[in-house]
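Note that the sequence shown covers residues 5 to 232 in our numbering.
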Amino acid sequence: MKKKKPEMEMKDKIYSAAKTMFYERGYGKTTYKQLGEAVNANSALIAYYYGSKGKLAVLVYNEYMNRIKNIVREQFHLNHLDYDVLAATAVEIRVHGNLMLGNRNLNQFYAEIMSENILVKEDAVNEAYFQELVAVCKLDLPPYKHKLLNYGDFGFRQAIGLAHQMGKIDCSYKEFNDASIETLLLLLRQVDRIDEILTFSNEFQKKMPRLLVKKAFEITYKQDHNRD
């Protein structure tokens, strides 16, 4: 195997340390200085390689969400179902919600990056993902409306997430997830599929193997006893 260049090794070390520290301490309490000390390097290297702590948080969050997306796609395949992007997205929302419900570290990290508006500040709201949904729904929209819908959906979930965290919305996690899915489908003009997708995603998620989030945001199946 070809050995990595020292600068790439350092970049990987910083990212690995960030995942561990964001998980154990949260985003807010992880400092540039602590990250530098964790890899025995000057903290300025963090900005050099990644630009900001926020960009590191975005990478960690995206890796976690992509893992959920891949697991859901795998479950569609194992259940011999055609992959339906809208239905799969609804399942992903439920999986993410349930993982947060059962993991304080994940809940804290997610709440902090949302409350500090990291994804918007770092221009990391996933427009490519939303464009895929718009394309699947065959919506002929100008670019500005793509952004309006994308940021509208993101902003709604961000707002209700924070309100739910603060106890301002008295509802269960299932009701919270239902509202998130319904709003997304309304924005995508899929009114006729709301009941179908809500029912399917709820039942499908219940039948999935139980997932756990371990240190450094690693998602594993509960029955996987061979990993720490």
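Glycine is no exception: its CB is placed at the ideal position from the N, C-alpha and C atoms.
- In the structure shown, the three-state DSSP call for T24 is helix.
- Less than 7 angstroms divides the Cβ of S184 from the Cβ of I97.
- Shortest Cα-Cα distance from M14 to any of R77, Y27, K149, Y54 involves Y54.
- Note on V62: 16 or more other CB atoms within 10 angstroms of its CB, so buried under the neighbour-count rule.
- In summary, A115 is buried, with 16 or more beta-carbon neighbours lying within 10 Å of its beta-carbon over all protein chains present.
- Around the CB of A132, fewer than 16 other CB atoms lie within 10 Å, so the residue is classed as exposed.
- Going by DSSP, E222 is part of the beta strand (DSSP E) stretching over 222 to 225.
- Here S205 is buried: its Cβ has 16 or more other Cβ atoms, across all protein chains shown, within 10 Å.
- In the three-state reduction of the DSSP assignment, K9 falls in the coil class.
- Residues V76, S205, F208, Q209 of the same chain have their beta carbon placed closer than 6 angstroms to that of V95, with the five preceding and five following residues left out of the count.
- With at least 16 other beta carbons inside 10 angstroms of its own, T34 counts as buried.
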